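A.B. asks: A single structure is presented below for examination.
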Amino acid sequence: MAHIVFLTGAGMSAESGIPTFRDALTGLWSRFDAERLATAAAFRRDPAMVWGWYRWRAARVMQAQPHAGHRAIAALEAHGHRVEVITQNVDDLHERAGSTGVVHLHGELLRSRCIDCGAGEHPDPIVRPPADGAREEPPRCAACGGLIRPGVVWFGEALPVQAWSRAQDALAACDRVVVVGTSGLVQPAASLPALARALGKHVLEINPQRSGVTEDADEHWALPASEGLVRLLERLRG
Ligand SMILES: [Zn+2]
């Protein structure tokens, strides 16, 4: 049995129909750019606009389903391999496919917390999907009255300390690393494959295109995430 770390990025979720951050700026949101939606300053300036956008994205996530690649990773765990999933994605598709202990480097869309006191685990506020482009006032914190913000990492914010250290521990302890659907451009997450390589781990990249991490990989399978991961499952099922 192997100890495998999966590093997953936007290409993994895209196959489930979840648009990448940039592709999500469509329709009524297309007049905005990331700096106006994905920063703490933007949220403080216009909370209803930013909260509305994240609620719309969260609704898209809730409608999406894990694909065969998510299920293949969960199946490896079910077959007795030690599997750790470190993802840059803010959706919950790995969890819904059955993976446990998923580490979210960039936070989670379906969790929220108070922007002032940090009180978290606010009940999931998504009762009804908001319309595309709809503004929506965020709820207020029961403890301090502060605004409730999405639980994602915004531009200019540090990664969650615990998630980052868990990622590094996992890379140090594992036998092999599989990088799936990452652009390899978003730091510091993009530095993890090179770190794995420096630690002497075998790095396999699954990505239809070459990416910023292809140079750091021992092997590159030019396949979509679902197809590549199903092939990996067949090889490792044992
Ligand atoms: Zn609060």
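Residue numbers (full-length UniProt numbering): 1 to 238. Don't be surprised by glycine CBs; every beta carbon is placed ideally from N, CA and C. Fair warning: this is a prediction, and the values are worked out from it, not measured in the lab.
Would G98 count as contacting chain B if we go by Cβ distances under 7 Å?
C.D. replies: The structure shown contains no chain B, having only a single protein chain.
A.B. asks: Please name the residue in R82, R113, A68, S112 whose C-alpha comes closest to that of L93.
C.D. replies: By one-based count along the sequence shown, residue 93 stands at place 93. It is A68 whose Cα lies nearest to the Cα of L93.
A.B. asks: Determine the direct distance from the alpha carbon of N89 to that of H104, and round the result to whole angstroms.
C.D. replies: Here residue 104 is taken as the residue at index 104 of the sequence shown, counted from 1. Here residue 89 is taken as the residue at index 89 of the sequence shown, counted from 1. C-alpha separation (whole angstroms): 7 Å.
A.B. asks: For the segment 62-136, which segments carrying the alpha helix (DSSP H) assignment without a break, of at least 4 residues, lie completely within its bounds, in sequence order?
C.D. replies: 68-78, 93-97
A.B. asks: With DSSP run on the structure shown, which of helix, strand or coil describes W154?
C.D. replies: On the sequence shown, position 154 is the one that residue 154 refers to. Three-state result, W154: coil.
A.B. asks: Which of the three DSSP states, helix, strand or coil, is assigned to V230?
C.D. replies: What you label residue 230 is simply residue 230 of the sequence shown in a count that begins at 1. Helix, per DSSP.
A.B. asks: Tell me which same chain residues have a C-beta within less than 7 Å of the C-beta of S16, skipping the five on either side of it?
C.D. replies: Counting from one through the sequence shown, the residue named residue 16 turns up at place 16. Excluding residues within five positions, the ones whose Cβ falls inside 7 Å are A64, Q65, P66, H67, L93.
A.B. asks: Residues around ligand 1, please: the condition is that the C-beta lies closer than 6 Å to some non-hydrogen atom of it.
C.D. replies: C114, D116, C117, A119, C141, A143, C144, G146
A.B. asks: Looking only at its own chain, which residues have a Cβ that is under 8 Å from the Cβ of A78, when we skip the five neighbours before and after it?
C.D. replies: For the purposes of this step, residue 78 is taken as the residue at position 78 of the sequence shown. Only G98 meet the Cβ criterion.
A.B. asks: Could you check how far apart the C-beta atoms of S183 and S211 are, in whole angstroms? I think they sit under 8 Å.
C.D. replies: Position 183 of the sequence shown holds residue 183. Position 211 of the sequence shown holds residue 211. Going by Cβ atoms, the distance from S183 to S211 rounds to 6 Å, so yes, they are a contact pair.
A.B. asks: Skipping 5 residues on each side, what residues in its chain have a beta carbon closer than 7 Å to that of L236?
C.D. replies: The count along the sequence shown starts at 1 and reaches residue 236 at position 236. So the list reads A2, L76, H81, once near-sequence residues are dropped.
A.B. asks: Going by DSSP, which residues form a beta bridge with R149?
C.D. replies: Here residue 149 refers to the residue found at position 149 of the sequence shown. BP columns for R149 point to R113.
A.B. asks: In this structure, how does DSSP classify L204 when only helix, strand and coil are distinguished?
C.D. replies: Counting from 1 along the sequence shown, the entry for residue 204 is found at position 204. Correct three-state label for L204: strand.
A.B. asks: By the 10 Å Cβ neighbour count, where 16 or more other Cβ atoms means buried, how is F6 classified, buried or exposed?
C.D. replies: Walking along the sequence shown from the start, residue 6 turns up at place 6. Its Cβ being crowded by 16 or more others within 10 Å, F6 is buried.
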